[in-house]
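S.K.: Before we start, here is the structure in question, set down as structure tokens.
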Amino acid sequence: MFNDLQKEIIRLKEEKNATILVHNYQIGEIQEIADFIGDSLELCIKASQIKDSDLVVFCGVDFMAETAAILNPDKKIVIPDKSSECPMANMLPVEELRNAKKRYPDAAVVLYVNTLAEAKAEADILCTSANAVKVVQSLTEDQILFGPDMNLAAYVQQHVDKEIIPVPEGGHCYVHKMFNLGDMYFLREKYPDAEILVHPECDPEVQEFADHVLSTGGMVRHVAASPKDTFIVGTEVDMVTRLRRENPGKTILPALSDAICENMKLHTLEKVKNSLLNEEFVVAVDEEIADKARNAIERMLEVS
Ligand code: 13P
Ligand code: SF4
Numbered sequence: 001m002f003n004d005l006q007k008e009i010i011r012l013k014e015e016k017n018a019t020i021l022v023h024n025y026q027i028g029e030i031q032e033i034a035d036f037i038g039d040s041l042e043l044c045i046k047a048s049q050i051k052d053s054d055l056v057v058f059c060g061v062d063f064m065a066e067t068a069a070i071l072n073p074d075k076k077i078v079i080p081d082k083s084s085e086c087p088m089a090n091m092l093p094v095e096e097l098r099n100a101k102k103r104y105p106d107a108a109v110v111l112y113v114n115t116l117a118e119a120k121a122e123a124d125i126l127c128t129s130a131n132a133v134k135v136v137q138s139l140t141e142d143q144i145l146f147g148p149d150m151n152l153a154a155y156v157q158q159h160v161d162k163e164i165i166p167v168p169e170g171g172h173c174y175v176h177k178m179f180n181l182g183d184m185y186f187l188r189e190k191y192p193d194a195e196i197l198v199h200p201e202c203d204p205e206v207q208e209f210a211d212h213v214l215s216t217g218g219m220v221r222h223v224a225a226s227p228k229d230t231f232i233v234g235t236e237v238d239m240v241t242r243l244r245r246e247n248p249g250k251t252i253l254p255a256l257s258d259a260i261c262e263n264m265k266l267h268t269l270e271k272v273k274n275s276l277l278n279e280e281f282v283v284a285v286d287e288e289i290a291d292k293a294r295n296a297i298e299r300m301l302e303v304s
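Using UniProt numbering, you'd call the opening residue of the sequence shown number 1 and step up by one each time.
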């Protein structure tokens, strides 16, 4: 059952012929009014397939909305709160990336989608947490500059026979840094039958302790298909909101109920309504940067 504000949003969405794309870390009320909800890769793919909408409302952080804008130069993409940024993306200024490219001229540059558009324009190919290993394996180069997340870089290094060079050195997500091994031991003891799922942005020792390391979309598919009935989820808390809604017969527990991405939470139903009503805030990417970044995004989509 939708509340009055959700009903108003659905009405406005039809009136404006709009599509609402929502990341898995949005609050439950926004997840419920999504046309499509997913992880970064799924949202990229969806954005590349949008055909007949006049307006796209993107409920996620800026790098995700920018990716949608780069893939849809002729469409109006709006974000409900324009200050919804991913701090990890800001950890790799384009100058630092250019310097690293000079130091490693033979390396291929693989960037996580969690990057600024200017950095994307300097990449050979992009990746998300769902396809990072596959993307790196698709390249002929043996040396890979990989950024900005050092934990995803460590995860990839474990799965490929190439040299992964993290850039910058300490790139991380403040939300996934909250998970620690002590809490994991405690949870394992308290729920011995549960499966522990964590995101590759978690520290390597947490990844190693978990039963599965998955993107948020990977967690959705895993929980739906698994015969297990209890899961501990080591990522942003609203992933649990989605998993509980879609798996009512299963027990889904957050590994840490304080693991909240404040940046994702800047979007509210009120702001989504405003976005539709006033067609704001438009996500614009410089044309030259967008053209270069598009090549790296499209190359990733081909590999995926
Ligand atoms: P996913 O692509 O797994 O949804 O991850 C995005 C993200 O920002 C994780 O913090
Ligand atoms: Fe960025 Fe971390 Fe938030 Fe994901 S959870 S959007 S990586 S700050």
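Idealized CB from N, CA, C, for every residue including glycine.
Measuring CB atoms only, is the stretch 14-21 touching the stretch 235-243, in the sense that at least three cross pairs come out at less than 8 Å?
M.R.: Flag = no, the stretch 14-21 and the stretch 235-243 do not touch.
S.K.: Could you give the first and the last residue of the continuous alpha helix (DSSP H) run that contains residue 43?
M.R.: Start and end: 40-49.
S.K.: The ligand 13P and residue 216: does any heavy atom of the ligand fall closer than 6 Å to the residue's C-beta?
M.R.: Answer for residue 216: yes, Cβ within range of the ligand 13P.
S.K.: Whose C-alpha, out of 73, 51, 228, is nearest the C-alpha of residue 292?
M.R.: Of the candidates 73, 51, 228, the one whose C-alpha sits nearest the C-alpha of residue 292 is 73.
S.K.: Please classify residue 146: is it buried, with 16 or more other beta-carbons within 10 angstroms of its beta-carbon, or exposed?
M.R.: When all chains shown are included, residue 146 counts as buried.
S.K.: State the Cα-Cα distance for the pair residue 303 and residue 4, rounded to the nearest angstrom.
M.R.: When rounded, the distance between both Cα atoms is 42 Å.
S.K.: Consult DSSP for residue 210 and reduce its assignment to one of helix, strand or coil.
M.R.: DSSP places residue 210 in coil when its eight states are reduced to three.
S.K.: Answer yes or no: the CB of residue 42 versus the heavy atoms of the ligand SF4, is any distance below 6 Å?
M.R.: No, the ligand SF4 has no heavy atom inside 6 Å of this Cβ.
S.K.: Would you mind sorting residue 170 into buried or exposed? The rule is 16 or more other CB atoms within 10 Å of its CB.
M.R.: Residue 170 should be labelled exposed.
S.K.: For residue 285, which option in 75, 50, 30 has the closest C-alpha, if you only look at C-alpha atoms?
M.R.: It is 75.
S.K.: Is it the case that the CB of residue 268 approaches a heavy atom of the ligand 13P more closely than 6 Å?
M.R.: No, the ligand 13P has no heavy atom inside 6 Å of this Cβ.
S.K.: Would you list, in sequence order, the uninterrupted alpha helix (DSSP H) runs of no fewer than 4 residues that lie entirely inside the stretch 49-106?
M.R.: 62-71, 94-103, all fully within the stretch 49-106.
S.K.: In angstroms, rounded to a whole number, what distance separates the CA positions of residue 202 and residue 133?
M.R.: The straight-line gap from Cα to Cα measures roughly 16 Å.
S.K.: When burial is assigned at 16 or more other CB atoms within 10 Å of the CB, is residue 105 buried or exposed?
M.R.: Classification of residue 105: exposed, given that the 10 Å Cβ count is below 16.
S.K.: Mark residue 2 as exposed unless 16 or more other C-beta atoms lie within 10 angstroms of its C-beta, in which case mark it buried.
M.R.: Exposed is the call here.
S.K.: Please report the distance separating the alpha-carbon of residue 224 from that of residue 282.
M.R.: Looking at the two C-alpha atoms, the distance is approximately 36 Å.
S.K.: Taking the C-alpha atoms as reference points, what is the distance between residue 29 and residue 135?
M.R.: Cα-Cα distance, rounded: 34 Å.
S.K.: Is any non-hydrogen atom of the ligand SF4 found closer than 6 Å to the C-beta of residue 59, if you look at the structure I gave you?
M.R.: For the ligand SF4, not one heavy atom lies less than 6 Å from the Cβ of residue 59.
S.K.: Kindly list the residues whose CB is nearer than 7 Å to the CB of residue 258, restricted to its own chain and excluding five residues on each side of it in sequence; keep chain order.
M.R.: Around residue 258: 178.
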